[in-house]
Amino acid sequence: MSAENSYIEDFLSVYKDREIIDFYKISENVYIAIMKEGNRLIYCPVEPVLDEDEARVYSEVREIAPRVLRLSRYVEKDEEKRKELLSNALERILRVLGERLSQEGKNKILYYLNRDFFGYGPIDPMYNDPFIEDITCSGYQSPVYVYHKYYEWLPTSVYFSSPQDLTNFARKLAYRAGQDLVFATPIVEGPLPPRDFRVHLTLDVVSRRGTTFTIRRSTEEPLTIIDLLKLNTITYEAAAYLWLLVSYRSTILIGGPMASGKTTLLNAISLFIPPNKKIVTIEETPELRLYHDNWTPLITKPSMTEGIKEITMFDLLKSSLRQRADYIIVGEIRGEEAYTLLQAVAVGHGAMSTIHAESYEHVVRRLQSQPMNIPKSLISLIDTVVIIKRFKKDVVFERKVTDIIDIVDYDPVNDTLNSTKTYIYDLINNKYYMSSFMGALTKLSKREGISEENLMAEYKKRLLILKYIVEKKKIKSYRDFSSIMIEFYADPDKMVEEARQSIER
(Lines of atoms letter the chains of each structure in order from A; the text may use other names.)
(Lines give C-alpha, C1' and ligand atoms only; values in the text may rest on other atoms or scores of the structure.)
Protein backbone atom coordinates (compact mmCIF):
# COMPACT_ATOMS: atom_id res chain seq x y z
CA MET A 3 0.00 0.00 0.00
CA SER A 4 1.39 3.43 -0.93
CA ALA A 5 2.11 6.02 1.74
CA GLU A 6 -0.52 8.25 0.15
CA ASN A 7 -3.24 5.67 0.66
CA SER A 8 -2.27 4.31 4.08
CA TYR A 9 -4.02 7.01 6.12
CA ILE A 10 -7.10 6.70 3.91
CA GLU A 11 -7.26 2.99 4.65
CA ASP A 12 -6.77 3.75 8.36
CA PHE A 13 -9.64 6.25 8.24
CA LEU A 14 -11.96 3.84 6.45
CA SER A 15 -11.04 1.11 8.93
CA VAL A 16 -11.86 3.29 11.94
CA TYR A 17 -15.25 4.26 10.46
CA LYS A 18 -16.07 0.96 8.78
CA ASP A 19 -19.41 0.75 10.61
CA ARG A 20 -20.61 4.09 9.23
CA GLU A 21 -22.21 4.65 5.85
CA ILE A 22 -20.06 6.90 3.68
CA ILE A 23 -22.32 8.97 1.43
CA ASP A 24 -19.57 10.73 -0.51
CA PHE A 25 -15.77 10.59 -0.71
CA TYR A 26 -13.66 12.87 -2.89
CA LYS A 27 -10.16 14.29 -3.25
CA ILE A 28 -9.44 18.02 -2.96
CA SER A 29 -5.62 18.07 -3.01
CA GLU A 30 -2.57 15.84 -3.12
CA ASN A 31 -2.85 15.02 0.58
CA VAL A 32 -6.46 15.69 1.55
CA TYR A 33 -9.76 13.89 0.98
CA ILE A 34 -13.26 14.67 2.21
CA ALA A 35 -15.69 12.09 3.57
CA ILE A 36 -19.40 12.80 4.00
CA MET A 37 -20.79 10.11 6.26
CA LYS A 38 -23.79 9.29 8.36
CA GLU A 39 -23.65 9.69 12.12
CA GLY A 40 -26.96 8.62 13.57
CA ASN A 41 -29.67 10.60 11.79
CA ARG A 42 -27.38 13.28 10.41
CA LEU A 43 -24.54 13.71 7.93
CA ILE A 44 -21.09 14.83 9.07
CA TYR A 45 -18.24 16.38 7.07
CA CYS A 46 -14.84 14.81 7.80
CA PRO A 47 -11.53 16.05 6.35
CA VAL A 48 -9.13 13.12 5.86
CA GLU A 49 -5.55 14.35 6.29
CA PRO A 50 -2.17 12.61 6.75
CA VAL A 51 -1.92 11.09 10.23
CA LEU A 52 1.20 11.72 12.32
CA ASP A 53 2.37 8.80 14.43
CA GLU A 54 3.50 9.44 18.01
CA ASP A 55 7.13 10.14 17.10
CA GLU A 56 6.20 12.37 14.15
CA ALA A 57 3.72 14.31 16.29
CA ARG A 58 6.42 14.94 18.90
CA VAL A 59 8.87 16.16 16.25
CA TYR A 60 6.26 18.38 14.61
CA SER A 61 5.44 19.95 17.97
CA GLU A 62 9.11 20.91 18.35
CA VAL A 63 9.41 22.07 14.73
CA ARG A 64 6.28 24.20 15.03
CA GLU A 65 7.58 25.81 18.21
CA ILE A 66 10.85 27.03 16.73
CA ALA A 67 9.79 27.46 13.07
CA PRO A 68 8.80 31.15 13.42
CA ARG A 69 12.27 31.91 14.83
CA VAL A 70 14.25 29.78 12.39
CA LEU A 71 12.25 30.58 9.26
CA ARG A 72 11.98 34.08 7.86
CA LEU A 73 8.31 33.47 7.08
CA SER A 74 7.82 36.52 4.90
CA ARG A 75 10.15 34.96 2.32
CA TYR A 76 7.63 32.20 1.64
CA VAL A 77 4.29 33.97 1.68
CA GLU A 78 4.44 35.52 -1.79
CA LYS A 79 6.11 32.55 -3.51
CA ASP A 80 4.21 30.23 -5.80
CA GLU A 81 3.20 26.96 -4.17
CA GLU A 82 5.86 24.72 -5.74
CA LYS A 83 8.66 27.16 -4.94
CA ARG A 84 7.40 27.51 -1.38
CA LYS A 85 7.37 23.72 -0.93
CA GLU A 86 10.99 23.55 -2.08
CA LEU A 87 12.05 26.32 0.29
CA LEU A 88 10.12 24.75 3.19
CA SER A 89 11.70 21.36 2.49
CA ASN A 90 15.19 22.86 2.67
CA ALA A 91 14.28 24.76 5.83
CA LEU A 92 12.86 21.61 7.46
CA GLU A 93 16.12 19.76 6.82
CA ARG A 94 18.01 22.54 8.61
CA ILE A 95 15.60 22.50 11.55
CA LEU A 96 15.84 18.70 11.90
CA ARG A 97 19.64 18.95 11.96
CA VAL A 98 19.41 21.59 14.69
CA LEU A 99 17.07 19.32 16.68
CA GLY A 100 19.15 16.23 16.00
CA GLU A 101 16.09 14.38 14.69
CA ARG A 102 15.89 11.85 11.86
CA LEU A 103 12.69 11.02 10.00
CA SER A 104 11.71 8.88 7.04
CA GLN A 105 10.83 10.67 3.82
CA GLU A 106 7.17 9.83 4.45
CA GLY A 107 7.40 11.45 7.88
CA LYS A 108 9.06 14.54 6.43
CA ASN A 109 6.34 14.84 3.80
CA LYS A 110 3.65 14.73 6.46
CA ILE A 111 5.37 17.39 8.57
CA LEU A 112 5.82 19.56 5.47
CA TYR A 113 2.09 19.28 4.83
CA TYR A 114 1.25 20.50 8.34
CA LEU A 115 3.89 23.24 8.24
CA ASN A 116 2.39 24.59 5.04
CA ARG A 117 -1.18 24.16 6.33
CA ASP A 118 -0.65 25.81 9.71
CA PHE A 119 1.70 28.65 8.74
CA PHE A 120 0.56 29.55 5.24
CA GLY A 121 -2.89 27.99 5.03
CA TYR A 122 -5.80 28.16 7.43
CA GLY A 123 -4.88 25.51 9.98
CA PRO A 124 -7.62 23.05 10.91
CA ILE A 125 -10.13 24.60 8.48
CA ASP A 126 -7.71 24.58 5.52
CA PRO A 127 -9.34 21.50 3.89
CA MET A 128 -12.73 23.26 3.97
CA TYR A 129 -11.19 26.47 2.65
CA ASN A 130 -9.83 24.57 -0.36
CA ASP A 131 -12.92 22.44 -0.96
CA PRO A 132 -14.61 23.87 -4.09
CA PHE A 133 -18.02 22.62 -2.88
CA ILE A 134 -17.95 24.66 0.35
CA GLU A 135 -19.70 28.04 0.30
CA ASP A 136 -19.56 28.99 4.01
CA ILE A 137 -17.44 27.99 7.01
CA THR A 138 -18.60 29.01 10.47
CA CYS A 139 -17.92 28.38 14.15
CA SER A 140 -20.29 29.62 16.87
CA GLY A 141 -18.10 28.89 19.89
CA TYR A 142 -15.34 26.55 21.04
CA GLN A 143 -17.80 23.94 22.32
CA SER A 144 -19.51 23.73 18.92
CA PRO A 145 -18.12 21.96 15.86
CA VAL A 146 -17.11 23.98 12.86
CA TYR A 147 -20.00 23.93 10.37
CA VAL A 148 -19.82 24.14 6.58
CA TYR A 149 -22.40 24.94 3.94
CA HIS A 150 -21.94 22.36 1.18
CA LYS A 151 -23.13 22.96 -2.37
CA TYR A 152 -25.01 19.64 -2.42
CA TYR A 153 -25.70 18.82 1.25
CA GLU A 154 -26.26 22.31 2.73
CA TRP A 155 -25.28 22.77 6.40
CA LEU A 156 -23.09 20.00 7.81
CA PRO A 157 -21.29 19.73 11.16
CA THR A 158 -17.64 18.81 10.73
CA SER A 159 -15.28 16.70 12.78
CA VAL A 160 -13.24 19.84 13.59
CA TYR A 161 -13.45 21.46 17.04
CA PHE A 162 -11.39 24.07 18.86
CA SER A 163 -10.12 22.68 22.14
CA SER A 164 -10.40 25.86 24.23
CA PRO A 165 -11.79 29.41 24.11
CA GLN A 166 -8.24 30.76 23.80
CA ASP A 167 -7.46 28.52 20.81
CA LEU A 168 -10.55 29.79 19.01
CA THR A 169 -9.80 33.43 19.85
CA ASN A 170 -6.18 33.07 18.69
CA PHE A 171 -7.38 31.52 15.45
CA ALA A 172 -9.95 34.29 14.92
CA ARG A 173 -7.24 36.92 15.46
CA LYS A 174 -5.11 35.17 12.84
CA LEU A 175 -8.03 35.41 10.41
CA ALA A 176 -8.44 39.11 11.28
CA TYR A 177 -4.74 39.70 10.61
CA ARG A 178 -5.04 37.97 7.23
CA ALA A 179 -7.97 40.28 6.46
CA GLY A 180 -5.96 43.37 7.43
CA GLN A 181 -7.96 43.99 10.62
CA ASP A 182 -7.41 43.95 14.39
CA LEU A 183 -9.84 41.87 16.46
CA VAL A 184 -9.49 43.48 19.89
CA PHE A 185 -11.70 44.66 22.75
CA ALA A 186 -12.04 48.11 21.15
CA THR A 187 -13.23 46.59 17.83
CA PRO A 188 -14.94 43.29 18.74
CA ILE A 189 -16.70 42.99 15.35
CA VAL A 190 -14.59 43.06 12.18
CA GLU A 191 -14.84 41.81 8.63
CA GLY A 192 -12.72 41.84 5.51
CA PRO A 193 -11.40 39.88 2.50
CA LEU A 194 -9.22 36.80 2.94
CA PRO A 195 -6.38 35.93 0.55
CA PRO A 196 -5.67 34.36 -1.83
CA ARG A 197 -9.20 33.86 -3.16
CA ASP A 198 -12.50 35.71 -3.07
CA PHE A 199 -13.46 34.97 0.54
CA ARG A 200 -14.77 37.32 3.19
CA VAL A 201 -14.62 36.77 6.93
CA HIS A 202 -16.88 38.12 9.68
CA LEU A 203 -15.51 37.87 13.24
CA THR A 204 -16.86 38.60 16.72
CA LEU A 205 -15.18 38.49 20.12
CA ASP A 206 -16.82 37.08 23.24
CA VAL A 207 -17.62 40.59 24.49
CA VAL A 208 -20.48 40.70 21.96
CA SER A 209 -21.11 36.98 21.44
CA ARG A 210 -22.48 35.07 24.45
CA ARG A 211 -21.11 31.71 23.32
CA GLY A 212 -17.62 33.06 22.77
CA THR A 213 -15.56 34.15 19.79
CA THR A 214 -17.11 33.34 16.42
CA PHE A 215 -16.13 33.42 12.78
CA THR A 216 -17.97 33.06 9.48
CA ILE A 217 -16.15 32.76 6.17
CA ARG A 218 -18.14 33.16 2.97
CA ARG A 219 -16.87 32.22 -0.45
CA SER A 220 -17.63 34.41 -3.43
CA THR A 221 -17.88 32.51 -6.69
CA GLU A 222 -14.48 32.71 -8.39
CA GLU A 223 -15.95 31.68 -11.75
CA PRO A 224 -19.59 32.75 -11.95
CA LEU A 225 -22.11 30.39 -13.48
CA THR A 226 -23.58 31.38 -16.82
CA ILE A 227 -27.11 30.73 -18.01
CA ILE A 228 -25.62 27.76 -19.93
CA ASP A 229 -24.46 26.24 -16.63
CA LEU A 230 -27.91 26.77 -15.14
CA LEU A 231 -29.53 25.13 -18.16
CA LYS A 232 -27.26 22.10 -17.81
CA LEU A 233 -28.02 21.93 -14.09
CA ASN A 234 -31.77 22.07 -14.88
CA THR A 235 -32.06 25.17 -12.69
CA ILE A 236 -33.88 26.94 -15.51
CA THR A 237 -35.58 25.87 -18.74
CA TYR A 238 -34.71 27.15 -22.20
CA GLU A 239 -38.04 28.96 -22.45
CA ALA A 240 -37.59 30.82 -19.17
CA ALA A 241 -33.96 31.69 -19.99
CA ALA A 242 -34.84 33.01 -23.46
CA TYR A 243 -37.64 35.13 -21.99
CA LEU A 244 -35.34 36.69 -19.38
CA TRP A 245 -32.72 37.32 -22.06
CA LEU A 246 -35.27 39.24 -24.11
CA LEU A 247 -36.31 41.33 -21.10
CA VAL A 248 -32.72 42.13 -20.14
CA SER A 249 -31.93 43.17 -23.73
CA TYR A 250 -34.57 45.90 -23.51
CA ARG A 251 -33.64 47.27 -20.07
CA SER A 252 -36.55 45.72 -18.21
CA THR A 253 -36.70 45.96 -14.44
CA ILE A 254 -36.33 42.49 -12.94
CA LEU A 255 -36.52 41.49 -9.27
CA ILE A 256 -35.38 38.00 -8.26
CA GLY A 257 -36.99 36.61 -5.10
CA GLY A 258 -36.26 33.47 -3.15
CA PRO A 259 -35.31 32.11 0.27
CA MET A 260 -31.80 32.22 1.68
CA ALA A 261 -29.17 30.30 -0.36
CA SER A 262 -31.61 29.61 -3.18
CA GLY A 263 -29.28 30.97 -5.87
CA LYS A 264 -30.67 34.49 -6.30
CA THR A 265 -27.30 36.18 -6.81
CA THR A 266 -26.11 33.37 -9.09
CA LEU A 267 -29.17 33.86 -11.29
CA LEU A 268 -28.76 37.65 -11.17
CA ASN A 269 -25.17 37.36 -12.38
CA ALA A 270 -26.16 34.88 -15.09
CA ILE A 271 -28.86 37.10 -16.62
CA SER A 272 -26.66 40.21 -16.25
CA LEU A 273 -24.34 38.64 -18.82
CA PHE A 274 -27.18 39.16 -21.33
CA ILE A 275 -26.71 42.94 -21.15
CA PRO A 276 -25.45 44.30 -24.51
CA PRO A 277 -21.67 44.84 -24.37
CA ASN A 278 -21.73 48.58 -25.13
CA LYS A 279 -24.03 49.55 -22.25
CA LYS A 280 -23.01 51.41 -19.11
CA ILE A 281 -23.54 49.28 -15.99
CA VAL A 282 -23.22 50.17 -12.30
CA THR A 283 -23.40 47.37 -9.72
CA ILE A 284 -23.91 48.05 -6.01
CA GLU A 285 -23.13 45.39 -3.40
CA GLU A 286 -22.14 44.94 0.23
CA THR A 287 -19.94 41.97 -0.67
CA PRO A 288 -18.41 41.85 -4.18
CA GLU A 289 -19.99 38.81 -5.82
CA LEU A 290 -21.07 39.89 -9.30
CA ARG A 291 -18.67 39.26 -12.19
CA LEU A 292 -19.34 40.92 -15.55
CA TYR A 293 -17.33 41.11 -18.76
CA HIS A 294 -18.42 44.59 -19.83
CA ASP A 295 -15.70 47.21 -20.27
CA ASN A 296 -18.12 49.96 -19.25
CA TRP A 297 -18.93 48.36 -15.87
CA THR A 298 -18.49 50.26 -12.60
CA PRO A 299 -18.62 47.94 -9.55
CA LEU A 300 -19.34 49.77 -6.27
CA ILE A 301 -19.24 48.26 -2.77
CA THR A 302 -20.32 49.62 0.59
CA LYS A 303 -17.79 50.71 3.19
CA PRO A 304 -18.77 50.07 6.81
CA SER A 305 -17.16 52.22 9.48
CA MET A 306 -15.93 50.80 12.77
CA THR A 307 -14.07 53.98 13.72
CA GLU A 308 -15.53 57.25 14.94
CA GLY A 309 -15.03 60.07 12.48
CA ILE A 310 -14.84 57.85 9.39
CA LYS A 311 -17.96 58.06 7.25
CA GLU A 312 -19.86 54.88 6.44
CA ILE A 313 -20.76 54.41 2.76
CA THR A 314 -24.15 52.69 2.48
CA MET A 315 -26.11 51.10 -0.37
CA PHE A 316 -28.28 54.22 -0.38
CA ASP A 317 -25.20 56.45 -0.79
CA LEU A 318 -23.89 54.35 -3.68
CA LEU A 319 -27.28 54.28 -5.38
CA LYS A 320 -27.50 58.07 -5.27
CA SER A 321 -24.00 58.19 -6.74
CA SER A 322 -24.97 55.82 -9.55
CA LEU A 323 -27.78 58.14 -10.65
CA ARG A 324 -25.14 60.71 -11.60
CA GLN A 325 -23.21 58.24 -13.78
CA ARG A 326 -25.72 57.94 -16.65
CA ALA A 327 -25.97 54.20 -16.23
CA ASP A 328 -28.09 52.19 -18.65
CA TYR A 329 -28.41 49.45 -16.04
CA ILE A 330 -28.22 49.70 -12.25
CA ILE A 331 -27.82 46.33 -10.52
CA VAL A 332 -28.18 46.15 -6.74
CA GLY A 333 -27.02 42.91 -5.12
CA GLU A 334 -29.95 42.87 -2.68
CA ILE A 335 -32.60 45.41 -1.70
CA ARG A 336 -33.89 45.54 1.86
CA GLY A 337 -34.00 49.20 2.92
CA GLU A 338 -34.45 52.77 1.74
CA GLU A 339 -32.34 52.08 -1.35
CA ALA A 340 -35.30 50.14 -2.83
CA TYR A 341 -37.38 53.32 -3.11
CA THR A 342 -34.52 55.17 -4.79
CA LEU A 343 -33.92 52.28 -7.20
CA LEU A 344 -37.51 52.40 -8.42
CA GLN A 345 -37.30 56.17 -8.77
CA ALA A 346 -34.29 55.54 -11.03
CA VAL A 347 -36.46 53.17 -13.08
CA ALA A 348 -39.07 55.92 -13.41
CA VAL A 349 -36.55 58.16 -15.19
CA GLY A 350 -35.40 55.48 -17.63
CA HIS A 351 -32.71 53.35 -16.01
CA GLY A 352 -32.85 49.58 -16.39
CA ALA A 353 -32.63 47.87 -13.00
CA MET A 354 -32.16 44.42 -11.53
CA SER A 355 -31.86 43.20 -7.96
CA THR A 356 -32.68 40.39 -5.52
CA ILE A 357 -34.91 40.24 -2.46
CA HIS A 358 -35.49 37.67 0.30
CA ALA A 359 -39.04 36.50 -0.39
CA GLU A 360 -40.44 33.06 -1.18
CA SER A 361 -43.29 34.06 -3.50
CA TYR A 362 -44.56 36.92 -5.63
CA GLU A 363 -47.09 37.85 -2.93
CA HIS A 364 -44.32 37.92 -0.34
CA VAL A 365 -42.20 40.13 -2.61
CA VAL A 366 -45.02 42.70 -2.86
CA ARG A 367 -45.64 42.61 0.91
CA ARG A 368 -41.96 43.16 1.67
CA LEU A 369 -41.73 46.07 -0.74
CA GLN A 370 -44.74 47.73 0.92
CA SER A 371 -43.56 47.11 4.49
CA GLN A 372 -40.98 48.84 6.68
CA PRO A 373 -38.30 49.88 5.96
CA MET A 374 -38.90 50.03 2.18
CA ASN A 375 -42.42 51.54 2.24
CA ILE A 376 -42.92 51.49 -1.53
CA PRO A 377 -46.45 52.27 -2.77
CA LYS A 378 -48.07 49.96 -5.30
CA SER A 379 -48.01 52.70 -7.91
CA LEU A 380 -44.20 52.60 -7.79
CA ILE A 381 -44.03 48.79 -7.50
CA SER A 382 -45.82 48.65 -10.86
CA LEU A 383 -42.60 49.97 -12.45
CA ILE A 384 -41.11 46.51 -11.88
CA ASP A 385 -41.63 44.57 -15.10
CA THR A 386 -40.96 41.05 -13.89
CA VAL A 387 -40.55 39.12 -10.64
CA VAL A 388 -38.63 35.83 -10.82
CA ILE A 389 -38.88 33.28 -8.01
CA ILE A 390 -36.11 30.73 -7.50
CA LYS A 391 -36.28 28.00 -4.84
CA ARG A 392 -34.15 25.22 -3.46
CA PHE A 393 -35.50 21.78 -2.65
CA LYS A 394 -34.22 18.43 -1.50
CA LYS A 395 -33.96 15.57 -3.95
CA ASP A 396 -32.81 12.35 -2.26
CA VAL A 397 -29.88 13.51 -0.07
CA VAL A 398 -28.80 16.50 -2.17
CA PHE A 399 -30.32 19.93 -2.74
CA GLU A 400 -31.22 21.42 -6.10
CA ARG A 401 -32.29 24.90 -7.19
CA LYS A 402 -35.04 25.72 -9.66
CA VAL A 403 -36.65 28.81 -11.18
CA THR A 404 -40.30 28.15 -10.31
CA ASP A 405 -42.20 31.32 -11.26
CA ILE A 406 -41.95 34.28 -13.60
CA ILE A 407 -44.63 36.89 -12.92
CA ASP A 408 -45.06 39.98 -15.07
CA ILE A 409 -46.54 43.09 -13.47
CA VAL A 410 -48.78 44.55 -16.17
CA ASP A 411 -50.02 47.76 -14.53
CA TYR A 412 -51.47 49.42 -11.43
CA ASP A 413 -55.22 49.95 -10.96
CA PRO A 414 -55.59 53.13 -8.84
CA VAL A 415 -59.35 52.69 -8.47
CA ASN A 416 -59.06 49.33 -6.71
CA ASP A 417 -55.47 49.89 -5.49
CA THR A 418 -54.32 46.61 -7.03
CA LEU A 419 -51.41 45.40 -9.11
CA ASN A 420 -52.47 43.55 -12.24
CA SER A 421 -50.06 40.72 -12.99
CA THR A 422 -49.80 37.59 -15.12
CA LYS A 423 -48.03 34.31 -14.42
CA THR A 424 -45.93 33.89 -17.53
CA TYR A 425 -44.03 30.83 -16.34
CA ILE A 426 -44.71 28.18 -13.69
CA TYR A 427 -42.59 25.16 -12.80
CA ASP A 428 -44.45 22.34 -11.05
CA LEU A 429 -41.89 20.78 -8.68
CA ILE A 430 -44.17 17.87 -7.75
CA ASN A 431 -44.83 16.68 -11.31
CA ASN A 432 -41.55 18.02 -12.74
CA LYS A 433 -43.34 19.96 -15.49
CA TYR A 434 -43.35 23.58 -16.58
CA TYR A 435 -46.00 25.78 -18.16
CA MET A 436 -45.29 28.81 -20.35
CA SER A 437 -48.22 31.14 -20.93
CA SER A 438 -49.02 32.26 -24.46
CA PHE A 439 -49.63 35.73 -22.99
CA MET A 440 -46.36 37.31 -21.82
CA GLY A 441 -47.38 40.36 -19.85
CA ALA A 442 -44.02 42.12 -19.95
CA LEU A 443 -44.08 42.15 -23.75
CA THR A 444 -47.12 44.45 -23.68
CA LYS A 445 -45.21 46.98 -21.53
CA LEU A 446 -42.10 46.55 -23.69
CA SER A 447 -44.09 47.11 -26.86
CA LYS A 448 -45.49 50.42 -25.60
CA ARG A 449 -42.17 51.56 -24.13
CA GLU A 450 -39.93 50.65 -27.07
CA GLY A 451 -42.37 51.13 -29.95
CA ILE A 452 -41.94 47.54 -31.16
CA SER A 453 -44.88 45.32 -31.99
CA GLU A 454 -45.55 42.33 -29.76
CA GLU A 455 -45.23 40.09 -32.84
CA ASN A 456 -41.67 41.33 -33.42
CA LEU A 457 -40.83 40.88 -29.75
CA MET A 458 -42.13 37.32 -29.89
CA ALA A 459 -39.91 36.72 -32.93
CA GLU A 460 -36.95 38.03 -30.91
CA TYR A 461 -37.85 35.64 -28.11
CA LYS A 462 -37.86 32.67 -30.51
CA LYS A 463 -34.46 33.70 -31.89
CA ARG A 464 -33.00 33.67 -28.39
CA LEU A 465 -34.58 30.31 -27.68
CA LEU A 466 -32.91 28.89 -30.79
CA ILE A 467 -29.52 30.40 -29.95
CA LEU A 468 -29.52 29.05 -26.38
CA LYS A 469 -30.15 25.52 -27.68
CA TYR A 470 -27.40 26.05 -30.26
CA ILE A 471 -24.89 27.20 -27.63
CA VAL A 472 -25.62 24.24 -25.34
CA GLU A 473 -25.54 21.65 -28.12
CA LYS A 474 -22.77 22.97 -30.37
CA LYS A 475 -20.55 25.39 -28.45
CA LYS A 476 -17.99 24.50 -25.79
CA ILE A 477 -18.51 26.98 -22.98
CA LYS A 478 -15.87 26.62 -20.25
CA SER A 479 -16.15 29.99 -18.53
CA TYR A 480 -18.23 33.13 -18.32
CA ARG A 481 -15.65 34.75 -20.60
CA ASP A 482 -16.45 32.20 -23.32
CA PHE A 483 -20.15 32.96 -22.92
CA SER A 484 -19.45 36.68 -22.95
CA SER A 485 -17.59 36.33 -26.26
CA ILE A 486 -20.69 34.74 -27.76
CA MET A 487 -22.83 37.61 -26.46
CA ILE A 488 -20.48 40.13 -28.09
CA GLU A 489 -20.73 38.18 -31.35
CA PHE A 490 -24.52 38.02 -31.11
CA TYR A 491 -25.06 41.72 -30.50
CA ALA A 492 -22.63 42.59 -33.33
CA ASP A 493 -24.73 40.65 -35.89
CA PRO A 494 -27.81 38.88 -34.46
CA ASP A 495 -29.13 37.64 -37.81
CA LYS A 496 -25.82 36.01 -38.67
CA MET A 497 -25.77 34.02 -35.44
CA VAL A 498 -29.43 33.05 -35.80
CA GLU A 499 -28.78 31.69 -39.28
CA GLU A 500 -25.64 29.89 -38.08
CA ALA A 501 -27.64 28.35 -35.22
CA ARG A 502 -30.49 27.29 -37.51
CA GLN A 503 -28.16 25.60 -40.01
CA SER A 504 -26.14 23.88 -37.29
CA ILE A 505 -29.18 22.43 -35.52
CA GLU A 506 -30.77 21.27 -38.80
CA ARG A 507 -27.70 19.22 -39.74
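Under our numbering, read the sequence shown as residues 3 to 507, first letter to last. Where a beta carbon is used, it is the ideal one built from N, C-alpha and C, also for glycine. Just so it is clear, the structure is predicted and the values come from calculations on it, not from any experiment.
- In terms of Cα proximity to Arg219, the closest of Thr138, Asp385, Ile228 is Thr138.
- For Lys311, there is no enclosing alpha helix (DSSP H), since its DSSP letter is neither H nor E.
- Classified as buried, Asp405 has 16 or more neighbouring CB atoms from the shown chains inside 10 Å of its CB.
- In its chain, beyond the 5 residues on either side, Tyr434 have a beta carbon closer than 7 Å to the beta carbon of Thr237.
- Within the segment 392 to 473, complete beta strand (DSSP E) segments of at least 3 residues are found at 398 to 413, 418 to 428, 433 to 436, given in chain order.
- Membership of Glu93 in any beta strand (DSSP E) is not indicated; the residue belongs instead to the alpha helix (DSSP H) covering 81 to 99.
- Beta-bridge partners of Trp297 (DSSP): Ile281.
- Two segments are said to touch when three or more pairs of C-beta atoms, one from each, lie closer than 8 Å; by this definition the segment 97 to 107 does not touch the segment 37 to 45.
- Secondary structure note for Arg368: its alpha helix (DSSP H) is the uninterrupted segment 362 to 370.
- Between Ile227 and Thr283, the CB-CB gap reaches or exceeds 8 Å.
- Classified as exposed, Pro132 has fewer than 16 neighbouring CB atoms from the shown chains inside 10 Å of its CB.
- In the three-state reduction of the DSSP assignment, Ser484 falls in the helix class, which pools H, G and I.
- Rounded to whole angstroms, Ser8 and Pro50 show a C-alpha spacing of 9 Å.
- Out of Gly192, Ile471, Glu285, Leu267, the CA that lies nearest to the CA of Phe490 is found in Ile471.
- Taking a 10 Å sphere around the C-beta of Val208, we find fewer than 16 other C-beta atoms and assign the residue as exposed.
- Going by DSSP, Tyr17 is part of no beta strand (DSSP E) at all; its letter is neither H nor E.
- In the DSSP assignment, Gly107 falls within the alpha helix (DSSP H) that extends over 105 to 120.
- The shortest C-alpha to C-alpha distance from Glu455 to any of Ala327, Ser438, Lys108 is the one to Ser438.
- Within the same chain, Tyr33, Val48 come within 8 Å of Ile10 by CB-CB distance, once the 5 residues on both sides are set aside.
- Relative to Glu154, the option among Lys496, Asp55, Ala261 whose CA is nearest is Ala261.
- Counting the other CB atoms within 10 Å of its CB gives Gly107 a total of 16 or more, which places it among the buried residues.
- At a Cβ-Cβ threshold of 8 Å, Ile217 and Val160 do not count as neighbours.
- Judged by beta-carbon spacing, Ile66 lies beyond the 8 Å limit of Ile111, meaning their Cβ atoms are not closer than that value.
- In the DSSP annotation of this structure, the continuous segment of the alpha helix (DSSP H) that includes Val347 starts and ends at 339 to 348.
- Here Asp396 has no same chain residue with a Cβ atom under 6 Å from its own Cβ, once five neighbours each way along the sequence are excluded.
- When Cβ pairs closer than 8 Å are counted between the two stretches, the segment 49 to 63 is seen not to touch the segment 156 to 173, the count staying below three.
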